[in-house]
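**Q** Residue 72 in UniProt numbering sits at position 72 of the sequence shown; the count goes up by one each step and never skips.
A virtual CB, placed ideally from N, CA and C, is assigned to each residue, including glycine.
Okay, here's the structure, questions in a sec.
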Amino acid sequence: MFGTVARMKFKPGAYEKMEDVMKGFEEQQVKGFQFTVVYRSKSDPDEVWMIVGFDDEASYRANAEDPQTDQMAQQYQELLAAPPEWHDGEIVTMTRAEDRAST
């Protein structure tokens with residue numbers, strides 16, 4: 001799997017609008033998309049960390065180059081107080097409780 005970890009700092013009160021943008025993405029049939037995880041900082045509710053995973057780097061890059069993804073990124077930019085940080089890489093391990101229970 002391949003994906004990104006993004007750190008985003010939203011303008012005050014803009015987090016809820018981000019959720020609407022995310023719903024639009026989740027409704028799309030994005031090839032290779034596996035999951036999104038969003039962490040909202042307890043100490044700063046305008047700071048969010050998002051992890052997005054894809055089957056492989058090729059599907060991740062195809063999504064990144066898709067015009068719909070660019071449109072979503074522009075919507076995010078309007079909500080952000082600062083440019084996002086992106087940290088792309090291979091997902092080398094992921095363990096979920098349900099995975100352990102089934103073995």
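In the DSSP assignment, find the alpha helix (DSSP H) that holds E85 and state where it starts and stops.
**A** Careful: E85 lies outside any alpha helix (DSSP H), inside the beta strand (DSSP E) at E85 to E90.
**Q** Check each candidate in P45, W49 and V30 and name the one with the smallest Cα separation from R61.
**A** The option with the nearest alpha carbon to R61 is V30.
**Q** Curious, which full-length beta strand (DSSP E) runs of at least 3 residues does the segment 28-52 contain?
**A** Counting whole runs of 3 or more residues, the segment 28-52 contains the beta strand (DSSP E) stretches 33-40.
**Q** Please name the residue, chosen from P12, G32 and G89, that lies closest to D46 on a Cα-to-Cα basis.
**A** The shortest C-alpha separation from D46 is found at P12.
**Q** Output needed for V5: all residues of its chain with C-beta closer than 7 Å, excluding positions within five of it in sequence on either side, in chain order.
**A** Cβ within range, chain order: W49, I51 and H87.
**Q** Grouping DSSP H, G and I as helix and E and B as strand, with all else coil, what is A64?
**A** Looking at A64 - three-state DSSP - the assignment turns out to be helix.
**Q** In whole angstroms, what separates the C-alpha of D44 from that of R96?
**A** Distance between the alpha carbons of D44 and R96 is about 27 Å.
**Q** Please check the pair A81 and F10, which I expect to be a contact at CB under 8 Å, by giving their CB distance rounded to whole angstroms.
**A** About 6 Å; that satisfies the 8 Å criterion.
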